[in-house]
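Residue numbers (this note's numbering), protein chains in the order written: chain A, 1 to 247; chain B, 248 to 619; chain C, 620 to 987.
Structural data, given as structure tokens:
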């Protein structure tokens, strides 16, 4: 085993003539919080879906948690957590039922389910809402719940696709506390975001433009390279050259 | 196995939490079962006759009375002329016209034969020709009556006659609901199970939860089975309630073995749900799934022999009919319930439906992709 | 007005983007017309029959030959015993059987009376009755021919005319029925689902906070479906005329006007459903499952309404499709004008207005 959670080399995805992801290469270290930035339509979600085993790459190589993305998708799925852009817990199930369901399908035993459930609800402070339908919760709580559910089985890596979209700053802060807590437990975090303040929280990050990765480094190093004061300026400097219009 | 348990738990919770869907699954079909068989009656009873009596003799009056008393006809009215009678048919208030010519009775005696005119509304061809032939039968009867009256009995020579003894098997009282109720029950179960299955997976696609399922290690067959089992149970429950209604309301007690019926039903439901799930895996949104499912289920129903017998169809249509599982179940249902057929009698349709079940579900599992 | 057109255009895009749904929408009437026109018939041909002949004499042979020659029966099964026949019935292989007892011809010629037994599968009473009638006719004719040389006095002859449909074209009856069915299902489902979908996705609120009046939001949704329905209606008419030889004897403008009202009533009904349901699933189940059988049954194009028990006849009156079907038959096939259908038309228009009013009102209530 290497100390890399994700190894990605020349990964491509084409839809017809359109190259959504164009030969991207990067590594993610174990235990790292890796930021995956890019404008809308730059190809972030497509790249992430390939790494999660939701879609086949057109060409290139990639391993996730040591498993090949072409042949070992089911093995990948056992070792990752995923939280999509679209809220994806069952709104017509209660908080507890959702936890039980997802924990169950990841193979947690009854005692683990109980223990994890209690711990999770306590950490999120959802004790009173535990028997409420998820559809009735405010968005921020839904997102925190979705994240906690995505790591309920202690995956090697968790993929987060714009997890904090539409959430207030306080909740975003709490959300990042959860992320750090997960990282402390040794879970590798792979996160996309549009918030540049969040980008600063990452250990390393890459910025995608028109399907390519144009920059990859630590936030401090990137700012130095582009002689920018903030990540915002770095992002502008790169994204200005983009040809693809945002979707 | 454990994964399946969690999937089932989730599906059942979602079904029973959907308060507006539950009555549609269990109450709507049963209300239809109560009403539809009463409405589905081909038996033509009250054909409305408009009579144009240009004779006004005691004989023409007797003929009119005989028609009214025959049980098939209702004398809608007397018209002064054929044109007036035609208007009655035009507006839909009469189905058939009987015109008796002037001097009918007198000329019948004098000339030995007479003609009466029948005109039937034949837009519904079957109804029109049945009406005409029933009316002709009444006329023949009337003809025999007056012939016997007018002729001296000794002049009638004994003729060789063939006496026909009629037996109506399996349903001696010729009760139409006996025929329709089992068929309609099949259709209702088919619609409930077919539609609900077709909508389900695509609903998860629309909400986006399918993505989350797709990144979990749930196996494809587990996911499909998790969808199939709850709907299978709903189908079984609906069918059972339907059988009870058939028994309590229509007095239909299956002649054959009820175990055989359920054996067939259980396989049939698997086939049908496989079809629904297949539609679901191909569709992008619920509206599309519903329309596709509706399209096929409508063809299944029309071709199933519920309303019009399969034997009457031309060859190509028979082929289509035999490619739809519904046809077999309606046939088997009627065989077991009305004729008391045993498993030996239904083995062929059973094996065919089993084939459908395997094929459709395998196809659905194959077509459901966790990775695109 | 300009705003309204923008909205209508948006709805058209929605409808026409989903090719598969569109395909089904137009495939549905075409398939129905083809099936009803060419596959589904209550007319019996080649019914499987067996003869159990214990006499095997001249008379039975002659009758069997006549049965075999009839287009209604197909006699290709040799059955030796009563038990074989019973099994064939139970397996559904045969619809009826004729049993000749021993000494049939002898009884007929010397005793002047012979018996024959007709057994029919009455699980379908309708087929049973029809087949028995045919058999009775064949045997009666045979008997008549035996006695042909004896003159019959005082004969009443009948001359039969089949009005409107002398060729007995089976398609006549169902074309208006299919039109009613397709319009009902398509309009009701599409309207209810498209509105409920916007509710489900939360986009309805966006539309309703726009400076646009809710009434126009609804109207703009109805326009594309109205257009689609009229297209569907035209397709069915064309198929009927050119493929199935169904004539249009009445005024085409009147036909379209009546259809317009019927379509409006279906659209309003869809709107009504949408204001009482919150999920697409429920809306679809109600508009398809709930509507299909009642429309088939209560229009009377498969089963005569006069046969139904009176409570059902009463209920059938509240189904707009029933009135529409009756109007279509009178105008299209009998060639009569508005004077013949003014009562039905009034009922239809009244229902449409009532449905529209109720649905708009309940829609507003739900919004409040």
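Using N, Cα and C, we set each Cβ at its ideal position, and we do this for glycine too.
What residue does the beta strand (DSSP E) around residue 853 of chain C start on, and which one ends it? Boundaries around residue 853 of chain C are those of the alpha helix (DSSP H), 833–862, since no beta strand (DSSP E) includes it.
Determine the DSSP secondary structure at residue 102 of chain A, reduced to helix, strand or coil. In the structure shown, the three-state DSSP call for residue 102 of chain A is helix.
Is there at least one Cβ from chain B nearer than 9 Å to residue 14 of chain A's Cβ? No - not a single Cβ of chain B is within 9 Å of the one on residue 14 of chain A.
Consult DSSP for residue 196 of chain A and reduce its assignment to one of helix, strand or coil. Looking at residue 196 of chain A - three-state DSSP - the assignment turns out to be helix.
Candidates C:961, C:751, C:676: closest to residue 416 of chain B by CA position: Nearest to residue 416 of chain B by C-alpha distance, out of C:961, C:751, C:676, is C:751.
Quick one: give me the first and last residue of the beta strand (DSSP E) that residue 21 of chain A is part of. Counting along the chain, the beta strand (DSSP E) containing residue 21 of chain A begins and ends at 18–29.
Measuring straight from C-alpha to C-alpha, what distance separates residue 269 of chain B and residue 485 of chain B? A direct Cα-to-Cα measurement between residue 269 of chain B and residue 485 of chain B gives close to 12 Å.
What is the DSSP secondary structure of residue 451 of chain B, reduced to helix, strand or coil? It is helical.
Which residues in the same chain as residue 989 of chain C place their Cβ atom closer than 6 Å to its Cβ, once the five residues preceding and following it in sequence are excluded? Any answer about residue 989 of chain C is impossible in this case: the structure gives chain C only from 620 up to 987.
What's the C-alpha gap between residue 744 of chain C and residue 618 of chain B? Spanning the alpha carbons of residue 744 of chain C and residue 618 of chain B requires a straight line of approximately 54 Å.
For residue 368 of chain B versus residue 332 of chain B, is the C-beta distance shorter than 9 Å? Going by C-beta atoms, residue 368 of chain B is not nearer than 9 Å to residue 332 of chain B.
Evaluate the contact criterion for the segment 133–144 of chain A versus the segment 273–291 of chain B: three or more CB pairs, one atom per stretch, below 8 Å. As far as the Cβ criterion goes, the segment 133–144 of chain A does not touch the segment 273–291 of chain B, which means the pair count is below three.
For the beta strand (DSSP E) that residue 287 of chain B lies in, which residues bound it at each end? Per DSSP, residue 287 of chain B belongs to no beta strand (DSSP E) and is neither H nor E.
My understanding is that residue 320 of chain B touches residue 643 of chain C, with C-beta atoms under 8 Å, so please give their C-beta distance in whole angstroms. By a beta-carbon distance limit of 8 Å, residue 320 of chain B does not contact residue 643 of chain C. Their separation comes to about 44 Å.
Taking 8 Å as the limit between beta carbons, can you name the residues of its chain near residue 212 of chain A, skipping five residues before and five after? If we look at residue 212 of chain A and ignore the five residues flanking it on each side, its Cβ neighbours are 22, 23, 24.
Note down the Cα distance separating residue 864 of chain C from residue 788 of chain C, rounded to an integer number of angstroms. Separation of residue 864 of chain C and residue 788 of chain C (C-alpha to C-alpha, rounded to the nearest whole angstrom) is 8 Å.
Straight-line Cα distance separating residue 113 of chain A from residue 101 of chain A: Rounded to the nearest whole angstrom, the CA to CA distance from residue 101 of chain A to residue 113 of chain A is 9 Å.
To the nearest angstrom, how far is the alpha carbon of residue 247 of chain A from that of residue 13 of chain A? Only weak support is given to the placement of residue 247 of chain A: the predicted model assigns it a pLDDT of 44, under 50, and the question is left unresolved by the model.
If the criterion is Cβ atoms closer than 9 Å, does the pair residue 425 of chain B and residue 585 of chain B meet it? Yes, the pair counts as a contact, with Cβ atoms nearer than the cut-off.
In the DSSP assignment, the alpha helix (DSSP H) including residue 723 of chain C goes from what residue to what residue? Run containing residue 723 of chain C: 723–729, per the alpha helix (DSSP H) assignment.
Range covered by the beta strand (DSSP E) that runs through residue 715 of chain C: Where residue 715 of chain C is concerned, the enclosing beta strand (DSSP E) stretches over 715–719.
How big is the Cα-Cα spacing for residue 613 of chain B and residue 627 of chain C? Going by the C-alpha atoms only, they are around 40 Å apart.
Okay, do the segment 159–175 of chain A and the segment 40–59 of chain A touch, 3+ Cβ pairs below 8 Å being the bar? Using a C-beta cut-off of 8 Å, the segment 159–175 of chain A makes contact with the segment 40–59 of chain A, since at least three inter-stretch Cβ pairs fall below that distance.
Would the segment 950–958 of chain C count as touching the segment 854–871 of chain C if we require 3 or more Cβ pairs under 8 Å? By the C-beta criterion, the segment 950–958 of chain C is judged to be in contact with the segment 854–871 of chain C, since at least 3 inter-stretch pairs fall below 8 Å.
Should residue 18 of chain A be flagged as near chain E, meaning a C-beta pair shorter than 9 Å? Absent here is chain E; the protein component of the structure consists of chains A, B and C.
Residue-level contact to chain B via CB, residue 77 of chain A, 9 Å cutoff: Chain B places a beta carbon closer than 9 Å to that of residue 77 of chain A, counting this residue as a contact.
Mind pulling the beta strand (DSSP E) runs of 3 or more residues that sit fully within the segment 655–680 of chain C? Uninterrupted beta strand (DSSP E) stretches at least 3 residues long and entirely within the segment 655–680 of chain C occur at 666–672, given in chain order.
Apart from the five residues just before and just after residue 59 of chain A, which ones in its own chain have a Cβ nearer than 6 Å to its Cβ? Taken in chain order, the residues that qualify are 12.
Is the segment 251–265 of chain B in contact with the segment 230–238 of chain A, if contact means three or more CB pairs nearer than 8 Å? They do not touch, by the three-pair rule.
Using a cut-off of 9 Å between C-beta atoms, extract the partners of residue 586 of chain B located in chain C. Per Cβ cutoff of 9 Å: 708, 709, 710, 711, 740, 742.
Answer with buried or exposed for residue 936 of chain C, where buried requires no fewer than 16 other C-beta atoms within 10 angstroms of its C-beta. When all chains shown are included, residue 936 of chain C counts as exposed.
Backbone secondary structure at residue 204 of chain A - three-state DSSP: DSSP places residue 204 of chain A in the strand class (E or B) of the three-state scheme.
In the DSSP assignment, find the unbroken alpha helix (DSSP H) run with residue 991 of chain C in it and report its ends. The structure shown does not extend to residue 991 of chain C, since chain C spans only 620 to 987, so no value can be given for it.
Would DSSP call residue 14 of chain A helix, strand or coil? Looking at residue 14 of chain A - three-state DSSP - the assignment turns out to be strand.
According to DSSP, residue 961 of chain C sits in a beta bridge with which residue or residues? Answer is none; residue 961 of chain C lacks a bridge partner.
Rounded to the nearest angstrom, how far is the Cβ of residue 292 of chain B from that of residue 792 of chain C, given a contact under 8 Å? Not quite, the Cβ-Cβ distance comes to about 18 Å (not below 8 Å), so this is no contact.
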